[in-house]
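Asks: The opening position of the sequence shown corresponds to residue 4 in this note's numbering, with each subsequent residue numbered one higher. Note that the Cβ used here is the ideal one computed from N, Cα and C, for glycine as well. This one's a predicted model, so the numbers in the text were calculated from it and none came from an experiment. Below you'll find the structure I mean.
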Amino acid sequence: MQEMPVLRPLCTTYSSSTQGCVMTTTLPSIRKQRDRQPRLRYSPRWIGAGLAGSVLAGVAGFYGGLPITLALAGAGAVSAGYALTIEPRRIRLTVKDLSFEHLPSGLDGLTIGQLSDLHLGHRYSFTNAHQAIDQLLATQPEIIVLTGDLVQTRAAIRRLPEVLGRLHAPLGVYAVPGNHDYWEGMPHIATMLREHGIQLLINRHRLIERQGARLLLAGVDDHWDGRPDLELAVGGAPAHDFRILLAHCPDIADEAATAGFHLQLSGHTHGGHVRLPGLGPLCLPRHGWRYDMGHFQVGSMHLFVSRGISGLPLRLGCPPEVNLFQLRRIAAETGDAQSATLPAHGDHDGGARSQRPSAGSPARD
Numbered sequence: 004m005q006e007m008p009v010l011r012p013l014c015t016t017y018s019s020s021t022q023g024c025v026m027t028t029t030l031p032s033i034r035k036q037r038d039r040q041p042r043l044r045y046s047p048r049w050i051g052a053g054l055a056g057s058v059l060a061g062v063a064g065f066y067g068g069l070p071i072t073l074a075l076a077g078a079g080a081v082s083a084g085y086a087l088t089i090e091p092r093r094i095r096l097t098v099k100d101l102s103f104e105h106l107p108s109g110l111d112g113l114t115i116g117q118l119s120d121l122h123l124g125h126r127y128s129f130t131n132a133h134q135a136i137d138q139l140l141a142t143q144p145e146i147i148v149l150t151g152d153l154v155q156t157r158a159a160i161r162r163l164p165e166v167l168g169r170l171h172a173p174l175g176v177y178a179v180p181g182n183h184d185y186w187e188g189m190p191h192i193a194t195m196l197r198e199h200g201i202q203l204l205i206n207r208h209r210l211i212e213r214q215g216a217r218l219l220l221a222g223v224d225d226h227w228d229g230r231p232d233l234e235l236a237v238g239g240a241p242a243h244d245f246r247i248l249l250a251h252c253p254d255i256a257d258e259a260a261t262a263g264f265h266l267q268l269s270g271h272t273h274g275g276h277v278r279l280p281g282l283g284p285l286c287l288p289r290h291g292w293r294y295d296m297g298h299f300q301v302g303s304m305h306l307f308v309s310r311g312i313s314g315l316p317l318r319l320g321c322p323p324e325v326n327l328f329q330l331r332r333i334a335a336e337t338g339d340a341q342s343a344t345l346p347a348h349g350d351h352d353g354g355a356r357s358q359r360p361s362a363g364s365p366a367r368d
């Protein structure tokens, strides 16, 4: 692991994620220039809607009297109760077919399960993690990937084995770190991953053989507290292999597409936690502003950003999810994807969009 050019060591741990947030927000002078960005970016649409809603509620209460005021307060209380106690526990299995023109025939039909942003230590987090693993293992994915932020508190690290010990897949289980993993104790997490046979890919790659074909699975360091290096991640690898990138923060996608990756799997954003039609996400974290959630086409590369399994126990219009992908080979003669054979579990999205814009202009399903 390469050392970061900052005054504190790369593996510095904090007593809590809150302290980590404070350190990376209030002490920009000892950090790289890139870390002087705000930690969260709130949507102007939400700010405007909130102001307009407050004015309308005040007017309605003034002219409608106590009944209207009580009705509005009741609706707000019900919405808050749902967002705090119900939706954060509604784990969904999102199933996605991803079609590629140059997928080797030996990789056609490969299934990959993604678990992202477990944030163990938050309310509902362990229950959510076990429910997500139950759903994922029922589909029998050939590869399982963990895309960062395993823990939220240092105390939760001691309980990691009860989650990690359940993960198994024929072609292996792989992980990359997230910013919270660094804040809570990345050295301890790395040790536990290794003890459970999970390969931690920090600017590294593995070559995976399947039916005579080869897959290059690479992972990069966290964008917030690490030093991601795509060139190092694929160093020494053949250029013609089919390439998949694991990156906690999605906004490295433009660089990944330029570097020749075919698919990137990320998390980090939690989808914004709160979303409404027309307003989009309430807020998004640093390094997750460009790609908030779901499936994007970035140049010739597919990008999928998971909403994650846990995080702040507040969700509205953005339920937590565990993801299953099946890679499909597009037949050269017809340009049509072969028929999918994914099991009928959870939410099933269709194939990838055919639009292929430049890397700077992402298309989205």
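#1: Can you give me the Cβ contacts of GLY314 inside the same chain, cut-off strictly under 6 Å, excluding the 5 residues immediately before and after it?
#2: Following the continuous beta strand (DSSP E) through GLN214, name the residue where it begins and the one where it ends.
#3: Beta-carbon within less than 6 Å of ASP137's beta-carbon, same chain only, minus the 5 sequence neighbours each way: which residues are those?
#4: So which of ILE147, SER82 and HIS271 has the shortest CA-CA distance to GLY168?
#5: Can you give me the start and stop residues for the alpha helix (DSSP H) that ASP137 sits inside?
#6: In angstroms with no decimal places, state the Cα-to-Cα distance between ALA260 and MET304.
#7: Hey, how far is the Cα of PRO288 from the Cα of HIS265?
#8: State the beta-bridge partners of ASP100 as determined by DSSP.
#9: Which residue spans inside the segment 240-271 form an unbroken beta strand (DSSP E) run of at least 3?
#10: Distance, Cα to Cα, PRO107 vs ALA216?
#11: So, LEU233 versus GLN117, is the Cβ gap smaller than 8 Å?
#12: Determine the direct distance from the alpha carbon of ARG92 to that of GLN329, and round the result to whole angstroms.
#13: I need the straight-line Cα distance from VAL237 to GLU187, nearest angstrom please.
#14: Apply the 10 Å Cβ neighbour rule to GLY311 and answer buried if 16 or more other Cβ atoms are within range, or exposed otherwise.
#15: Please classify TYR85 as buried or exposed, where buried requires at least 16 other C-beta atoms within 10 Å of its C-beta.
#16: Run through DSSP, which three-state label would GLU90 get?
#17: Please list the terminal residues of the continuous beta strand (DSSP E) segment that includes GLY116.
#18: Taking the CB atoms as reference points, tell me whether HIS251 and GLY181 lie closer together than 8 Å.
#19: Using 8 Å as the threshold, is the C-beta distance between LEU220 and TYR177 below it?
#20: For THR194, list the residues DSSP reports as bridge partners.
#21: If I'm right that GLY291 touches CYS321 with Cβ under 8 Å, what's the distance once you round it to whole angstroms?
#22: May I ask which residues mark the beginning and end of the beta strand (DSSP E) holding LEU3?
Replies: Based on what the coordinates show:
#1: Within its own chain, the residues whose Cβ lies closer than 6 Å to the Cβ of GLY314, once the five positions on either side in sequence are excluded, are ASP120, HIS122 and HIS273, listed in chain order.
#2: Run containing GLN214: none; DSSP gives neither H nor E here.
#3: No residues qualify anywhere along the chain.
#4: Checked all of ILE147, SER82 and HIS271; the closest Cα to GLY168 is ILE147.
#5: Run containing ASP137: 128-141, per the alpha helix (DSSP H) assignment.
#6: When rounded, the distance between both Cα atoms is 5 Å.
#7: Each residue's alpha carbon lies about 25 Å from the other.
#8: DSSP, once it has assigned bridges, lists GLN329 as partnering ASP100.
#9: Taking only runs of at least 3 residues, the beta strand (DSSP E) segments lying wholly in the segment 240-271 are 245-249 and 266-269.
#10: One C-alpha to the other measures close to 6 Å.
#11: No, they are not a contact pair.
#12: A straight-line Cα-Cα distance of about 26 Å links GLN329 and ARG92.
#13: Rounded to whole angstroms, VAL237 and GLU187 show a C-alpha spacing of 28 Å.
#14: Its Cβ being crowded by 16 or more others within 10 Å, GLY311 is buried.
#15: TYR85 should be labelled exposed.
#16: When DSSP states are grouped into helix, strand and coil, GLU90 belongs to the helix group.
#17: First-last of the beta strand (DSSP E) with GLY116: 114-118.
#18: Taking 8 Å as the Cβ cut-off, HIS251 and GLY181 qualify as a contacting pair.
#19: The criterion of a C-beta distance shorter than 8 Å is satisfied by LEU220 and TYR177.
#20: Beta bridge pairing from DSSP links THR194 with no other residue.
#21: 13 Å between Cβ atoms; not a contact.
#22: It is not possible to answer for residue 3, since the shown part of the chain is limited to 4 through 368.
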